[in-house]
Every structure is written in structure tokens, then in C-alpha cells.
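In this note's numbering, the protein residues as written are 170 to 507. Idealized CB from N, CA, C, for every residue including glycine. Keep in mind the model is a prediction, meaning the values are calculated, not measured.
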Ligand SMILES: Cc1ncc(COP(=O)(O)O)c(C=O)c1O
């Protein structure tokens with residue numbers, strides 16, 4: 170009838186989104202943030218939101234700067250410390266917001282456990298599944314209520330469209346579609362078409378990227394210029410066993426701390442040739458970011474240190490290039506650190 174309400178191309182994309190996440194319904198939105206704002210439309214004055222501390226900066230900003238203006242309380246706690254996180258639940262908790270693996274230190278949250286305790290107070294559990302992708306993790310199967318994606322990242326995979334997605338099973342969440350029609354945060358048919366094109370290669374890309382990320386993590390682990398590697402695929406990583414129990418692979422995102430702090434990290438990032446320094450993630454091209462000055466620049470030094478965002482931290486989104494080319498590129502960049 171009218172493209173803000175619906176469009177055959179968007180419907181086709183939403184059917185694919187639903188199929189890959191194993192949901193009964195899905196909504197394609199104009200950005201990841203539009204998807205997050207649409208979920209927030211279920212909140213009312215007096216409600217409480219319990220949000221994981223290691224959350225995407227934009228989610229943090231929306232919740233703390235705008236949502237609280239409507240008489241809604243927001244608490245942040247480390248969802249990796251499950252008992253302490255559960256103790257923050259209130260009778261008024263309407264929404265539990267989770268992200269796993271987390272940004273930027275790739276920590277793993279026990280989604281099954283979170284879904285279980287949130288049910289006790291009737292809270293809606295939402296998982297930002299952007300880093301894991303539906304290829305590797307299906308939060309609805311683990312008992313969560315709503316899955317959210319920044320489709321700008323892996324789902325599209327070509328860094329040429331901004332988009333968001335929501336997937337759910339309970340038909341009560343059909344209100345998301347009504348809200349999106351009302352506020353108009355729906356994508357154009359062309360953006361839906363681009364996303365649908367990207368989805369055709371999602372599994373191929375993610376499996377290749379995960380295998381390459383594991384090879385790179387193993388190369389970095391124990392390298393003389395590296396202090397620490399964050400990647401759940403390493404058996405020494407704190408999230409390894411949990412990731413194995415709730416994911417089908419470990420993903421294409423990893424982070425590592427370069428010796429020499431900020432100078433070391435900047436030297437490595439600026440010496441890379443194949444890997445580009447850029448924002449965003451999940452595309453076919455490998456991208457490196459410096460979280461202290463990029464994605465997490467808005468946090469104070471203390472907040473960064475609480476989250477393990479060390480001055481030497483770099484976050485790598487592994488692309489589809491030959492992994493050996495990437496390792497050689499990283500090796501020559503690390504050789505510049507003294
Ligand atoms: C984990 C995560 N969630 C949500 C978003 C927001 O998505 P968008 O930029 O598509 O609005 C991002 C963007 O970087 C992200 O990394």
C-alpha cells in the first residue's frame with residue numbers, strides 16, 4: 170500500500186532474516202540504532218532496564234541520555250559476572266539488554282542463564298547478536314526473547330548499506346512493526362535489496378572469517394610484541410568453554426594488547442598495509458580499530474580500564490582475504506614495535 174508500511178522487497182528480506190535466525194517474524198529497519206530504539210518503544214515510565222556493562226557505545230548513549238528522560242531507570246552491570254548481574258534485577262525490570270561476544274574485548278555472556286533469571290521477573294531479554302551472527306549463535310534457541318542486529322555489519326557484509334534487524338517468536342512483539350510504521354525508521358527497498366544480496370554469502374563469509382580469526386589469534390598468542398589476546402577460540406580464553414556451549418564457532422572479531430601501550434598500538438595500526446584502519450566491522454575487508462580513541466573514546470579512562478580497554482588495545486575485524494596474507498601483514502607491522 171505504501172512503502173513506509175511495507176514493500177515486497179523488504180518482505181522478501183525479512184523472510185530471509187527470519188529463516189536464518191530461526192524466528193517466526195523479523196523486521197528490517199533503517200539502522201542498528203533504529204532497531205534498538207524500536208525495542209525501547211515497549212518501555213513505560215517507572216520501568217527498569219538492566220543492561221550489560223560492555224555494550225555498544227550507541228546503545229549506552231541512547232539508554233542513558235534519552236530513555237532515562239522518560240522516567241525509566243537504567244542499570245549497567247557486568248553480565249559476565251552472572252550472579253552479580255542477576256542481583257541487579259528488580260520487580261520493575263522490563264528489559265534485559267545483552268551483547269555477546271562483547272565489544273571490544275570479545276567476552277562471552279551466558280545467554281541461557283540470563284534468559285532463565287530474567288523470566289522470574291517477566292523481563293524481556295534482548296540480545297545484540299551483531300558480533301556472533303545467526304550463523305554462529307541463535308539466542309532465541311537459548312531462551313532469549315528478541316534478537317537484534319546491526320545489519321550494517323556481517324549480515325550485509327559489504328560495507329555498503331546501513332541497516333538493522335529484529336527477530337522474535339512471540340507474536341506480541343508484532344508491535345515493533347506497528348511502531349516502525351508510525352515513526353518511519355524503515356529502510357528503502359534498495360537498501361533491503363542490498364541486504365538480501367549480502368545475506369546470500371553470509372555463511373560462507375562468516376565461516377571463512379572465523380577460521381582466519383582463529384589462525385590469527387594463534388599467531389598473536391605468545392608473540393613477543395603482544396601482551397594479551399582476546400579471542401574465545403583460544404582454549405586459554407576465559408570465555409572458551411561457554412562459547413563452545415552456546416556458539417557454533419568463535420567469530421571473526423578479535424582484540425589484542427600490543428606491548429608499549431598507545432605508542433605500540435598506533436605503530437602497529439599505522440604500519441598495516443592490507444588491513445585498513447577504519448570504523449565499523451563485519452565486512453569483506455579486514456579492518457582494525459583503536460577502541461580507546463575510536464569506538465570507546467566517550468568513556469573515561471577509569472571506565473575504559475574497568476572494561477579491560479588497555480591503552481595498547483586494538484580490535485580486528487577479520488575479512489575474507491587469504492589468512493596467510495593477513496598474518497604476514499600483521500607480522501611486518503608488529504616488527505615495528507620495540
Ligand atoms: C554491536 C553493535 N550494535 C549496534 C550498532 C549500531 O548499529 P548501526 O550503526 O547500524 O546503527 C553497532 C554499530 O557499530 C554495533 O557494533
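DSSP, read as helix, strand or coil, puts residue 425 in strand. Placement of the Cβ of residue 426 at a distance of 7 Å or more from every heavy atom of ligand 1 is found. Taking 8 Å as the cut-off, the Cβ atoms of residue 419 and residue 401 count as close. Unbroken alpha helix (DSSP H) stretches of 4 residues or longer found wholly inside the segment 425-462: 430-440, given in chain order. DSSP places residue 396 within a strand segment (E or B) once states are collapsed to three. For residue 372, the closest alpha carbon among the candidates 174, 453 and 439 is that of 453.
In the assembly as shown, residue 179 is a buried residue. Its beta-carbon has 16 or more other beta-carbons within 10 Å. Residues 498 of the same chain have their beta carbon placed closer than 7 Å to that of residue 442, with the five preceding and five following residues left out of the count. Judged by the Cβ position, residue 225 qualifies as a neighbour of ligand 1 at the 7 Å threshold, a heavy atom of the ligand being closer than this. In this chain, residue 507 is not harboured by any beta strand (DSSP E), its DSSP state being neither H nor E.
Nearest in C-alpha terms to residue 244, of all of 262, 219 and 223, is 219. Here the alpha carbons of residue 267 and residue 261 stand approximately 18 Å from one another. The Cβ atoms of residue 199 and residue 333 lie closer than 8 Å to each other. The criterion of a C-beta distance shorter than 8 Å is satisfied by residue 325 and residue 363. Contact check for residue 411 and residue 277: beta-carbon distance about 5 Å, within the 8 Å limit, so the pair qualifies. By the Cβ neighbour-count rule, residue 500 is exposed, with fewer than 16 other Cβ atoms within 10 Å of its own.
In this chain, the beta strand (DSSP E) harbouring residue 318 covers 315-319. In the DSSP assignment, residue 333 falls outside any alpha helix (DSSP H) and within the unbroken beta strand (DSSP E) covering 333-337. When DSSP states are grouped into helix, strand and coil, residue 213 belongs to the coil group. At the C-beta level, residue 264 and residue 192 stay beyond 8 Å of one another. The Cβ-Cβ distance between residue 387 and residue 437 does not fall below 8 Å.
Excluding its 5 nearest sequence neighbours in each direction, residue 272 has C-beta neighbours in its own chain below 6 Å: 225, listed in chain order. Under the criterion of beta carbons closer than 8 Å, residue 183 and residue 307 do not qualify as touching, at roughly 17 Å. In the structure shown, the three-state DSSP call for residue 199 is coil.
Our two residues, residue 390 and residue 398, have alpha carbons roughly 6 Å apart in a direct line. Ranking 447, 171 and 274 by CA distance to the CA of residue 463 puts 447 first.
From the listed residues 304, 205 and 457, the smallest Cα separation to residue 434 is found for 457. Taken through DSSP and simplified to helix, strand or coil, residue 178 comes out as helix. Residue environment: residue 459 is assigned as buried (16 or more neighbouring CB atoms within 10 Å of its CB, all protein chains considered).
Where residue 366 is concerned, there is no enclosing beta strand (DSSP E), although the alpha helix (DSSP H) around it starts and stops at 358-368. For residue 415, same chain residues with a beta-carbon under 7 Å away, outside a window of 5 residues either side, are 280, 281, 306 and 311 in chain order. The criterion of a C-beta distance shorter than 8 Å is not satisfied by residue 477 and residue 428. Per DSSP, the beta-bridge partners of residue 297 are 268 and 317.
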